[in-house]
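Protein chains in written order, with the numbering used here: chain A, 282 to 407; chain B, 3 to 296. All residues carry an ideal CB built from backbone N, CA and C; glycine is no exception.
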Amino acid sequence: MHITIDIDDPNPLFSQLVEQIKKAVDKDMIKPGAPLPSIRQLANDLEINNKTVAKAYKLLERDNIIQTRGYRGTFIHPDAKLNCTVDMSEWVMTKLTETISTLRQAGVTDSEIRIAFGNVMSNRQI
Amino acid sequence: MHINTIMVELLFNLVFISQMILLSWYYPRIIINRLTKVMDKYPPHEYPKLYTKPKDYYQKKITTFADLCTLAQIACLVIVLISWNLGNSPNEEMLVLICFAVQVLPIIILSIMAAKYFKKMKKVFQSSNREANLQPRRIFDFISAKLLGIAIILYVVYLLVYLYFNNFNIFLDGKVPLTLIGVTLIQLYFCMVFYWKMYGRKQNPYSVNEDRVREIKTVGKIAVYASIIMSLYLTVATIMDNFSYLDSLDPMMLSIYLQMITIFGIGAEIRMIKIEDINFDVYKNNIIKDTSVA
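Below, the structure is given as structure tokens:
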């Protein structure tokens with residue numbers, strides 16, 4: 282099973298990787314429990330930075346598409362196909378829209394929301 | 003027990019001639035035929051991506067390689083003649099080693115040229131698409147566990163034999179730890195070469211997965227064979243060193259060892275990576291692959 286990324290594509294490389302792996306899972310081209318290559322192997326094969334692949338794997342692990350089993354390596358999550366349908370970006374957009382709408386209804390101005398949002402985002406402990 | 007000196011000399015000469023033929027004639031001839039066959043079968047107008055420079059350039063390089071091999075052959079003959087005229091008992095072990103170094107020089111130069119060729123090919127490679135297989139590569143997909151086990155056992159056997167003849171006293175003199183460290187470093191080098199081939203970046207940007215897998219298998223097997231042959235030779239040499247009447251066999255053993263390394267190194271690569279099995283279609287223009295997810 283091959284994946285292809287385009288280095289000239291405006292989409293970030295890690296997001297192309299995430300999309301490709303999700304597509305492969307969704308199309309049953311890669312089964313739950315199947316092993317995935319190591320970060321180093323995939324990065325060297327695609328001739329990209331290890332950190333890019335690590336970021337993609339981290340996002341896929343967060344979305345329960347893949348799971349890391351210590352030294353044994355990385356595998357496709359048993360519920361990967363089901364979890365592929367969950368779009369985290371869309372979920373974040375929905376949540377933010379709801380929150381902003383609630384704040385606006387309470388009379389908070391957009392500039393106040395922007396300043397508060399910036400403060401919250403810059404506070405990494407949250 | 004005394005070994006007949008004339009018999010040993012005769013055997014050594016036969017083995018040494020075989021080294022000469024193998025490294026300066028047989029393998030260079032196979033390599034030259036192989037390169038010429040590739041250029042004839044896959045011409046630049048049909049396979050433009052195979053050539054980073056005009057065809058004449060590569061033909062000249064092949065001629066240079068052939069000339070270098072002939073030169074090495076002549077140089078070896080001169081070295082042999084000089085050593086015969088030097089004294090009563092020329093150091094035959096040194097003679098074997100020097101000739102081997104001279105003989106492999108053209109092959110090393112060819113390897114450097116190949117590395118430069120792939121570097122240039124990577125520079126010319128224009129596609130913005132990068133492809134990878136989602137199948138993890140594992141060591142036993144490429145090397146049999148039995149073969150690896152044999153290599154490890156023979157390495158341990160060598161260490162034990164070496165330590166036995168040094169009374170298991172590592173610090174008897176400075177030579178013991180240095181030898182053990184040296185041999186271990188060479189074994190680690192074999193592991194590193196295989197690891198680099200398995201997980202490192204591919205040299206040829208066009209090569210398809212099947213060809214890459216074949217290359218990794220070949221390098222893996224060569225590394226294990228080299229390790230086995232080295233451990234075997236060192237074990238035998240260590241034992242022979244402790245029986246002075248076997249000293250006269252040392253040069254012959256060294257020559258056999260170097261020839262085995264060549265047969266299981268260059269020879270194995272030629273046997274395992276056949277031109278007919280390599281996918282040359284990737285060097286044609288406008289190849290569309292439909293195996294990817296995208």
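Pull up the distance between the alpha-carbon of residue i and that of residue j, whole angstroms please.
{"i": "alanine 117 of chain B", "j": "isoleucine 64 of chain B", "result": "15 Å"}
{"i": "methionine 282 of chain A", "j": "methionine 310 of chain A", "result": "7 Å"}
{"i": "proline 291 of chain A", "j": "glutamine 348 of chain A", "result": "28 Å"}
{"i": "phenylalanine 192 of chain B", "j": "glutamate 271 of chain B", "result": "15 Å"}
{"i": "isoleucine 8 of chain B", "j": "phenylalanine 120 of chain B", "result": "50 Å"}
{"i": "methionine 96 of chain B", "j": "lysine 39 of chain B", "result": "37 Å"}
{"i": "aspartate 368 of chain A", "j": "leucine 341 of chain A", "result": "11 Å"}
{"i": "lysine 332 of chain A", "j": "alanine 324 of chain A", "result": "8 Å"}
Quick one: give me the first and last residue of the beta strand (DSSP E) that residue i is part of.
{"i": "glutamate 48 of chain B", "result": "Element bounds for glutamate 48 of chain B: n/a, residue is neither H nor E."}
{"i": "glutamine 348 of chain A", "result": "347-349"}
{"i": "phenylalanine 266 of chain B", "result": "From DSSP, phenylalanine 266 of chain B is part of no beta strand (DSSP E); its letter is neither H nor E."}
{"i": "threonine 285 of chain A", "result": "283-287"}
Within 7 Å (strictly less), CB to CB, does residue i reach chain A?
{"i": "tyrosine 208 of chain B", "result": "no"}
{"i": "leucine 107 of chain B", "result": "no"}
{"i": "serine 2 of chain B", "result": "Past the edges of chain B, shown from 3 to 296, lies residue 2 of chain B, and the structure says nothing about it."}
{"i": "arginine 203 of chain B", "result": "yes"}
{"i": "alanine 134 of chain B", "result": "yes"}
I believe residue i touches residue j by the beta-carbon criterion, under 8 Å. Please report the beta-carbon distance rounded to the nearest angstrom.
{"i": "isoleucine 230 of chain B", "j": "leucine 156 of chain B", "result": "6 Å"}
{"i": "threonine 220 of chain B", "j": "methionine 262 of chain B", "result": "Actually they do not touch by this definition, with Cβ atoms about 17 Å apart."}
{"i": "methionine 200 of chain B", "j": "phenylalanine 142 of chain B", "result": "Rounded, the Cβ-Cβ distance is 11 Å, inconsistent with contact."}
{"i": "methionine 242 of chain B", "j": "phenylalanine 14 of chain B", "result": "Wrong, their Cβ atoms sit about 14 Å apart, outside the cutoff."}
Could you check whether the Cβ of residue i sits closer than 7 Å to any Cβ belonging to chain B?
{"i": "histidine 283 of chain A", "result": "yes"}
{"i": "aspartate 307 of chain A", "result": "no"}
{"i": "arginine 321 of chain A", "result": "yes"}
{"i": "asparagine 330 of chain A", "result": "no"}
{"i": "aspartate 289 of chain A", "result": "yes"}
{"i": "proline 318 of chain A", "result": "yes"}
{"i": "asparagine 325 of chain A", "result": "yes"}
{"i": "isoleucine 357 of chain A", "result": "no"}
Would the beta-carbon of residue i fall within 7 Å of that of residue j?
{"i": "tyrosine 166 of chain B", "j": "leucine 236 of chain B", "result": "no"}
{"i": "serine 300 of chain B", "j": "glutamine 75 of chain B", "result": "Absent from the model: residue 300 of chain B. The displayed extent of chain B is 3 to 296, so no value can be given."}
{"i": "isoleucine 268 of chain B", "j": "tyrosine 28 of chain B", "result": "no"}
{"i": "proline 207 of chain B", "j": "lysine 125 of chain B", "result": "no"}
{"i": "leucine 327 of chain A", "j": "arginine 139 of chain B", "result": "no"}
{"i": "proline 108 of chain B", "j": "cysteine 71 of chain B", "result": "yes"}
{"i": "isoleucine 100 of chain B", "j": "isoleucine 81 of chain B", "result": "yes"}
{"i": "proline 318 of chain A", "j": "phenylalanine 356 of chain A", "result": "no"}
{"i": "valine 178 of chain B", "j": "asparagine 168 of chain B", "result": "yes"}
{"i": "asparagine 281 of chain B", "j": "valine 215 of chain B", "result": "no"}
In the DSSP assignment, find the alpha helix (DSSP H) that holds residue i and state where it starts and stops.
{"i": "glutamate 217 of chain B", "result": "211-243"}
{"i": "asparagine 404 of chain A", "result": "No alpha helix (DSSP H) holds asparagine 404 of chain A; DSSP gives it neither H nor E."}
{"i": "tyrosine 87 of chain B", "result": "The residue asked about is misnamed: residue 87 of chain B is asparagine in this sequence, not tyrosine. Element bounds for asparagine 87 of chain B: 57-88."}
Is the Cβ of residue i closer than 7 Å to any Cβ of chain C?
{"i": "isoleucine 286 of chain A", "result": "Of the chains in the structure shown, none is chain C; the protein chains are A and B."}
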